[in-house]
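**Student:** Take this structure first; my questions come after.
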């Protein structure tokens, strides 16, 4: 299968290892991965902060970058950005009176998948041949859980990883407090939510906290590093791309 990587802003600029892990994993499973070089921000940040008009140009570019990429599907290692493509881009186009763009955006969105969705639902695989001999707990991020409804797909994939000890996270469905600009505009509330999430992560005794969104992992990981807790954050893609002798 030919797959286009929608790398996302955060992965591209701060966590490139997540994009590389996604490609490594999919190529190991026998698929061809391409990278449409025209891609930029999908516009989520603008929409979420009330700048729909400014997001329109980004939606146009995203649609143009991926609609003629010559691939079967599009994947992103981010429930948040996939949520934006599916639930915001056509809305932005229609709000601007551009129905043709809205229909094009819907067509791109229909082929766009979060990584665990792609693996389980499209590629039909749960055992990806990974090996990761660590104690791991999984945080289901808000957009993947509520906007996309990925359910237990990430955990089904993690359970099939060799050597792993998967530990249940208490209060797993509670938000970590990041929420993009929410963490900047509502700092005290965000910090309190983060404290709750870190407490729950630490009670598991996990070496690693994982999730499908680099944004939430950045937030949780930053807090844990300040505590010098000894627990680190690793993206789901990195765990699934790990093999014996080359684990993260």
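Numbering (my numbering), first residue to last: 28 to 275. The beta-carbon is built from N, C-alpha and C at its ideal position, and this holds for glycine as well.
#1: Excluding five sequence neighbours on each side, which residues of the same chain lie with their C-beta closer than 6 Å to the C-beta of residue 111?
#2: On the CB-based measure, 16 or more other CB atoms within 10 Å of its CB, does residue 141 come out buried or exposed?
#3: Keeping to the same chain, check which residues put their C-beta closer than 6 Å to that of residue 198; ignore five residues upstream and five downstream.
#4: Nearest to residue 67 by CA position, among 54, 82, 76, is which residue?
#5: Among the residues of its own chain, which have a CB less than 7 Å from the CB of residue 63, if the five just before and after it don't count?
#6: Is there at least one non-hydrogen atom of the ligand ATP closer than 7 Å to the beta-carbon of residue 106?
#7: In terms of residue numbering, what span does the alpha helix (DSSP H) encompassing residue 247 cover?
#8: Could you spell out the range, first to last residue, of the alpha helix (DSSP H) harbouring residue 100?
#9: Return the Cβ separation of residue 42 and residue 102 in integer angstroms, given the expectation that the two are a contact with Cβ distance under 8 Å.
#10: Between the stretch 259-272 and the stretch 146-166, do at least 3 Cβ pairs fall closer than 8 Å?
#11: What residues match up with residue 165 in a beta bridge as DSSP calls it?
#12: Around the C-beta of residue 224, are 16 or more other C-beta atoms found within 10 angstroms, so that it is buried, or is it exposed?
#13: Which residue or residues does DSSP assign as beta-bridge partners of residue 31?
#14: So, under 8 Å CB-CB, residue 250 and residue 168 are touching, yes? Tell me the CB distance rounded to an integer number of Å.
#15: Tell whether a beta-carbon distance below 8 Å holds between residue 121 and residue 129.
#16: When you compare each of 85, 35, 117 to residue 131 by their alpha carbons, which one comes out closest?
#17: For residue 211, is the classification buried or exposed, using 16 other Cβ atoms within 10 angstroms of its Cβ as the cut-off for buried?
#18: Of the residues 79, 219, 114, 190, which one's Cα is nearest the Cα of residue 203?
#19: Which residues share a DSSP beta bridge with residue 193?
#20: Could you say if the stretch 240-254 and the stretch 39-57 meet the contact criterion of at least three C-beta pairs nearer than 8 Å?
#21: So is residue 144 buried or exposed if we call it buried at 16+ other beta carbons inside 10 Å?
#22: Could you tell me if residue 254 is buried or exposed, where buried requires 16 or more neighbouring beta carbons within 10 angstroms of its beta carbon?
#23: Could you spell out where the alpha helix (DSSP H) holding residue 259 opens and where it closes?
**Tutor:** Reading from the atomic positions:
#1: 69, 71
#2: buried
#3: 227
#4: 82
#5: 31, 92, 93, 96
#6: Absent from the structure shown: the ligand ATP. Ligands present: none.
#7: 241-254
#8: From DSSP, residue 100 is part of no alpha helix (DSSP H) but of the beta strand (DSSP E) over 100-103.
#9: Their Cβ separation, rounded to whole angstroms, is 16 Å, which puts residue 42 and residue 102 out of contact at 8 Å.
#10: yes
#11: 237
#12: buried
#13: 61, 101
#14: Between residue 168 and residue 250 the Cβ distance is about 15 Å, and since that is not below 8 Å, they are no contact.
#15: yes
#16: 117
#17: exposed
#18: 219
#19: 163
#20: yes
#21: buried
#22: exposed
#23: First-last for residue 259: 259-262, but that is the beta strand (DSSP E), not the alpha helix (DSSP H).
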